[in-house]
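Single-structure report; data block below.
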Amino acid sequence: MAFLSFWGQVLVGCFTASLARASNLSDLYPPLWEESPGQFSDFHVENNMYIIDAWVYHERMGMYKILLNQTARYFSKFGSENEQNILWGLCLQHGWQYSTGRLADPSRRTHCGYASGDHLCISVDSWWADVNYFLSALPFLAAVDSGILGVSSDQVTLLPPFKDQMKFCYDVSSCHSSFPEKMNKWTLFYQYLQSPSGSFDAMLKHLWAAHISSLENTGERFEDRFIYYSKSEAEFGKNWTVAVEYLAAALIPTTMVRVHESQKGLPPRILVETDVAPFISDFTYLQNMVLSALDILCSVDQLTGKDLKRMLYNINIMSNR
Ligand SMILES: *[C@@H]1O[C@H](CO)[C@@H](O)[C@H](O)[C@H]1NC(C)=O
Ligand SMILES: *[C@@H]1O[C@H](CO)[C@@H](O)[C@H](O)[C@H]1NC(C)=O
Ligand SMILES: *[C@@H]1O[C@H](CO)[C@@H](O)[C@H](O)[C@H]1NC(C)=O
């Protein structure tokens, strides 16, 4: 931690600040949680095969819902109601993407993801949606493969988007062959979860290692999507990826209340060309502050290069904190 740059610490600070205790945790669930599949039999079943359309919001959310439900037993020793499950981070981020319009078709050639059209549709042209695929489908399929979801590896398949099919993978075996390192990191995480002596901190290290591995070269893979966004939004997307590496390095616990609170600091809508933090009038003080901190953090990051972050990340991940 001592190696974190000042602005990295400011940002991390924003993400550890107020931890108001919600009176009812179900108020913090992401949008359409109740309507999302909570068990495999809620998905389409054909010849004993579960077929999931990850390009429909509540189905992608359903993968998180099953994952959270089935991993709850590993976190019950740390708190009640599954609040301490560190997989909430990914799930709530996806909810934030949905509610801020980031999963909709940014080219506006279709009504995919808009209230006027199919609001549940997730657009393959959305940079956020494409990157999130690697943080939803991969962790889910690796969990299937590790046996903790109670179905066998050849029983689950995901439907492809209507274009760029080669950029994604759809089942356990094809994800292992296309993205072996990312899948292995998730597998290690689930193996660690199942070890009886597992500590919270070590679970967190494995989670962040898998998270960072999933992001590696992934944002760049979909950079062609940035033509559909304002320069501010495209930069925010890139800067957010950098910031996530700092959050990983600081081993921020991605539990439910904490992530819910910190997401209040993230932009509540897609940024337009004229948005300049800290002067965005329809954003809160905190949202303006976080955007400004991101800006400074990313400039510092560019100056110091990736080596510093990688170094402190490795120190944190490998040490016993
Ligand atoms: C929490 O909210 C849910 C849904 O709104 C409701 O069914 C439940 O009774 C509430 N629980 C408490 C303890 O208030
Ligand atoms: C998991 O799902 C089952 C069935 O839907 C439900 O009864 C149970 O309360 C859930 N567990 C948690 C921790 O959410
Ligand atoms: C992203 O970071 C760069 C510096 O690397 C900065 O110029 C830009 O304003 C930032 N944009 C946003 C939206 O945070």
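Throughout the sequence shown, residue numbering follows mature numbering (1 follows the signal peptide of the UniProt record, and there is no 0), covering -22 to -1, 1 to 299 in sequence.
We treat Cβ as the ideally placed atom computed from N, Cα and C, and that holds for glycine.
Run through DSSP, which three-state label would residue i get?
| i | result |
| --- | --- |
| His89 | coil |
| His22 | strand |
| Thr282 | helix |
| Ile30 | strand |
| Cys153 | helix |
| Leu136 | strand |
| Cys147 | coil |
| Ser4 | helix |
| Ala(-21) | Unreliable positioning characterises Ala(-21) in this predicted model, as indicated by a pLDDT of 42, which lies under 50. A coordinate reading is not provided. |
Between the Cα of residue i and the Cα atoms of the options, which residue gives the shortest distance?
| i | options | result |
| --- | --- | --- |
| Pro139 | Ser124, Ala107 and Glu159 | Ala107 |
| Asp132 | Gly176, Glu59 and Glu24 | Glu24 |
| Glu12 | Ile30, Lys43 and Gly57 | Lys43 |
| residue 305 | Ser58, Ala188 and Glu198 | No statement about residue 305 is possible, as the shown extent of the chain runs from -22 to 299 and does not include it. |
| Ala145 | Lys242, His184, Gly197 and Ile29 | According to the sequence provided, residue 145 is Lys. The question's Ala does not apply to it. The shortest Cα separation from Lys145 among Lys242, His184, Gly197 and Ile29 belongs to Gly197. |
| Lys160 | Trp186, Asp279 and Gln17 | Trp186 |
| Ser4 | Val235, Ser77, Val134 and Thr252 | Val235 |
| Ile205 | Phe56, Gly79, Thr49 and Trp105 | Trp105 |
| Gln265 | Thr252, Val278, Thr282 and Arg247 | Arg247 |
| Ser124 | Ser85, Tyr170, His97 and Asn110 | Tyr170 |
| Tyr168 | Tyr35, Ile100, Ser14 and Tyr52 | Tyr52 |
| Glu223 | Gly176, Asp279 and Val150 | Asp279 |
| Lys141 | Gly79, Ile100 and Asn162 | Ile100 |
| residue 312 | Leu281, Lys242 and Thr282 | Since the first residue of the chain shown is -22 and the last is 299, residue 312 is not available in this structure. |
Mind checking residue i: buried by the 16 CB within 10 Å criterion, or exposed?
| i | result |
| --- | --- |
| Asn2 | exposed |
| Asp83 | buried |
| Gln143 | exposed |
| Glu201 | exposed |
| His184 | buried |
| Ala93 | exposed |
| Thr49 | buried |
| Leu46 | buried |
| Arg87 | exposed |
| residue 300 | Here the chain comprises residues numbered -22 to 299, so residue 300 is not present and cannot be evaluated. |
| Ser177 | exposed |
| Leu98 | buried |
| Ser297 | Here the model assigns Ser297 a pLDDT of 48, short of 50, so the residue's position is not dependable, and the following value carries that caveat. With fewer than 16 other Cβ atoms within 10 Å, it is exposed. |
Is residue i near ligand 2, going by C-beta to nearest heavy atom under 7 angstroms?
| i | result |
| --- | --- |
| Asn2 | no |
| Asn60 | yes |
| Ala50 | yes |
| Gly16 | yes |
| Asn47 | yes |
Going by the beta-carbon positions, is the gap between residue i and residue j smaller than 8 angstroms?
| i | j | result |
| --- | --- | --- |
| Gln172 | Ile230 | no |
| Leu116 | Leu68 | no |
| Leu244 | Thr219 | no |
| His89 | Arg38 | no |
| Trp33 | Val102 | yes |
| His238 | Leu6 | yes |
| Tyr148 | Leu166 | no |
| Met95 | Leu81 | The question names Met, but residue 95 is Gly in the sequence shown. Not a contact, by the Cβ cut-off of 8 angstroms. |
| Pro8 | Leu70 | yes |
| Trp66 | Ala120 | no |
| Asn63 | Thr262 | no |
| Cys276 | Asn195 | no |
| Ile29 | Phe21 | yes |
| Val250 | Ser208 | yes |
| Ser210 | Asp253 | yes |
| Ser240 | Pro256 | no |
| Gln75 | Asn26 | no |
| His36 | Ser14 | yes |
| Ile190 | Ala221 | no |
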